[in-house]
Every structure is written in C-alpha cells, then in structure tokens.
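Quick note: the sequence shown uses the numbering used here, first residue 644, plus one each step. Glycine is no exception: its CB is placed at the ideal position from the N, C-alpha and C atoms. Report on the following structure.
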Amino acid sequence: MALQGQIPVRFEDVFPHGAYVINEVAPEYDFDASTKDNRVQKRDKTSGLPVWQVPVMDADPEARKGQREVTVKIAAEVQPVPPDAVAGYPFRPVEFTDMTVTPYVDSNGPRARLAYSLRASGMRKPGGKPAPAAKDAA
644 MALQGQIPVR FEDVFPHGAY VINEVAPEYD FDASTKDNRV QKRDKTSGLP VWQVPVMDAD
704 PEARKGQREV TVKIAAEVQP VPPDAVAGYP FRPVEFTDMT VTPYVDSNGP RARLAYSLRA
764 SGMRKPGGKP APAAKDAA
C-alpha cells in the first residue's frame, strides 16, 4: 500500500523540542490565479478555505542550517492569531493542532530532493487552548 497525500503526524513528532512563531501570519498567494494588480489568496483543495502561512523556528538544537526555519500552513476562514508573547522569549512559543505532513520532490536548485509541506488546523500556546481568530481578516 502506498501512502498518498497528507499524512497525519503529532506536533511532538515534528517539533520534539518545541517551535516558535518568528514572523507575522500571512496569506499564501496563488501565483497562477494572481495578476500584477490583483493578488489572489490560495484556497485549500479539500475544504476551500483560505490558506495562511506561519513562519516557525524549530527549537531542536541539532537542526541543521536551512532546516531550522519552516513554514506551517493553516486553512482557516479568518487569519489565525499566534499565541501571546512570553516575557523573556524573543519569539512566541507555539503548538499546532491536527498536523499533517505531505512529502514532495523539490526540483529547485542543482539537485532534486525530498521535501515536506507542513499543515495544521490551528495553533495555540503550548499545552493550551487554540488561539482566537483575528477579528479583521485580510
């Protein structure tokens, strides 16, 4: 049996040392549907919901250069809001809910390589409840 599409994974398996939001949550744009004057937000193929990108730093001290920063995508009607900042931390600790990983072949660069796309249904403070959605979505 071959695995195809999104594979469910636990947050702890993807980020065993935790993860931190390192920049703003932003829409993922559909470059095929967008024009110079009209940017169109990408929609999730399954749910039809808008897709948002969350830049994250993997807290694994042994993560190699180029693998420390990843993007997690969330399909949601309104822009997800990261957990509140924690005093003494330069970034916001985060935990993602209902994560999936999708392997794909990245043919950019000198050699093709196996890469992974990370998705989640939402985000929250570690061990907490999901963060509320933004009131004024983009």
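A Cβ-Cβ separation of about 11 Å leaves Gly765 out of contact with Pro726 under the 8 Å criterion. Val748 sits in a strand when the DSSP states are folded into three classes.
In this structure, the alpha-carbon of Val697 lies about 20 Å from that of Thr689. For Glu720, the closest of Gln710, Val694, Thr678 by C-alpha to C-alpha distance is Val694. In the three-state reduction of the DSSP assignment, Phe734 falls in the coil class. The stretch 645-670 is shown to contain whole beta strand (DSSP E) runs of 3 or more residues at 662-664, in chain order. One thing to note: Tyr663 has its Cβ no nearer than 9 Å to the Cβ of Arg767. For a cut-off of 8 Å, the C-beta gap from Ala669 to Ile717 is around 11 Å, too long to register as a contact.
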